[in-house]
Amino acid sequence: MVSLQSADINPNSTSSSTAEISPNQQILPLSAQVNKSGHLEIGGYSVPKLVQQFGSPLYIVDELTLRTACQQYHRSFQHFYPGPSQVLYASKAWSCMAICALVANEGLGLDVVSGGELYTALQAGVDPRKIYFHGNNKSVAELEMALACGCVIIADNWLELEQLTEIFTSVDSLSSPPRVMLRITPGIECHTHEYIRTGHLDSKFGFDPNHIDQVLSFAQKNPQVNWIGFHAHIGSQIFELQPHQDLTSVIVEWLAKAKTLGLPMNELNIGGGLGIRYVESDDPPSIVQWSEIVCKGISQACQAANIPYPKLLCEPGRSLIGPACITAYKVGAKKDILNIRTYLSIDGGMSDNPRPITYQSVYSAAIANRMEFPATEIVTIAGKHCESGDVLLKDIVLPPSQPGDILAVMGTGAYNYSMASNYNRISRPAAVLVHNGNANLILKRETYQDLIRQDCLPRHLER
Ligand SMILES: *Cc1c(COP(=O)(O)O)cnc(C)c1O
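Quick note, in our numbering, the sequence shown goes up one by one and the last residue is 472.
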């Protein structure tokens, strides 16, 4: 049961020194404040005013939080790792042109997992040399698109290796050899929801680590490809540091092996996965702590194996964009079931945030226009979809509210918009980027026309 009314607002968040605050350890965006009217403010803009102006539901992205998280990763890698490094944003967490452009502006590269995410990144002006293309079943068209733009391909399986070498040999318009990284399953267990675990042996992603000799021998036989290094990712929303520490020695072992075979590999990508604080009881390590463990783990393993420091990459998604966003909804009907539960319905739900119904995820919330009211009511926040499981927050304590009040749900930047649907033909919300009292639309609200844009009515059904 979580409430975030005034007393719980982090006092640091209103100070100007945000450098030491790790965004992923905060429930609220860094710029959050309560203004004189007792309203929640993000980026110097009152949340109820934003809803008045842009409608609801509304994703509100705090530019300061996103930039701070990017800078903390970037600076930590520069500080703790003695070799070259590059932080990538895992764009599947939220892929749209403005977010891609913003993280690129902070010097980050991008990880994409589909032709659509690659297209979005390229349209946003991201340098293809800093784009890494993932996926366990890339289509031939996607591989061709990746080869044409010159991004790095992270090869996931045998079929892909065969297709890649085939396409590459048949297309003679390519000037430079394709850069390819090998994704190997590291065989590391971690404690997170089973749908978002990827590092254990029973995973659909990557080559079986027991087949590494065959994979490397394939690489030796295909010197026309530029085999640049290895990738591994162990999962998402991880609070422990140990699995990442373990991963550093495993991945350096692969690199040392490739070196003994004379392969010129020189990049290691250790994935993402750092968790964020959705509720008070969540206790993730900071971005700096996570980076330190990873950087020192890799450099020590390299020293022990007596190999030069490779270029080190990581690709966080959730810990960059997750804490930067809140979703604002309008409160509607209330249903009191005596001695059982009180449902408070809102004007969105599982279509704009499918995480609770998919992963039983938990969130924190506040009534944005009653920040100074005491939280005295236990309510369950229900979405408006035709599904009993469409519940965003269960048994949360809030101040008594009225229809039309604004409910703010925190930490909705990652895997909300990117997983949003049109279930029940509900339009996807708009998103605004706020900073220093300015609000810029980054995604328009879908209209009813948008909803039928792809519909086709066969002639015999027209009337
Ligand atoms: C999902 C994913 C990430 C990002 O994970 P986060 O938990 O959002 O940091 C990075 N790399 C790969 C390969 C992924 O699948």
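Glycine residues also receive a C-beta, built at the ideal position from the N, C-alpha and C atoms.
In the structure shown, Met359 adopts coil according to DSSP, grouped into three states. Beta bridge pairing from DSSP links Val112 with no other residue.
Annotated as distal: Lys343 and Thr336, with beta-carbon spacing of 8 Å or more. The C-alpha of Ala310 lies about 12 Å from the C-alpha of Ile302. Pairing Pro57 with Ala333 gives a Cβ-Cβ distance that is not under 8 Å. Linking His143 to Ile330 through their CA atoms gives a straight-line distance of about 19 Å. Taking 8 Å as the cut-off, the beta carbon of Glu324 is found no closer than this to the beta carbon of Leu75. Taking C-beta atoms as the reference points, Ile193 and Ile221 count as a pair closer than 8 Å. Linking Leu49 to Leu442 through their CA atoms gives a straight-line distance of about 16 Å. If you compare the alpha carbons of Leu353, Cys465, Asn278 and Gln312 with that of Ala391, the shortest gap goes to Leu353. With contact defined as three or more Cβ pairs closer than 8 Å, the stretch 415-425 and the stretch 94-109 are in contact. In this structure, the straight-line span from the alpha carbon of Thr456 to that of Trp236 is close to 46 Å.
Going by DSSP, Phe89 is part of the alpha helix (DSSP H) stretching over Glu72 to Phe89. Comparing alpha-carbon positions, the option among Glu289, Gly52, Arg286 and Pro218 lying closest to Leu256 turns out to be Pro218.
Between Ile243 and Cys199, the CB-CB gap stays under 8 Å. When secondary structure is reduced to three states using DSSP, Leu49 falls in the strand class. At a cut-off of 7 Å, the beta-carbon of Arg286 does not count as near ligand 1: no heavy atom of the ligand is closer than that. Between the C-alpha atoms of Ile405 and Val388 there is a straight-line separation of about 5 Å. In this structure, the alpha-carbon of Ala429 lies about 7 Å from that of Pro363. Taken atom to atom, the span from the alpha-carbon of Gly159 to that of Gly196 is near 30 Å. In this structure, the C-beta of His88 stays at least 7 Å away from each heavy atom of ligand 1.
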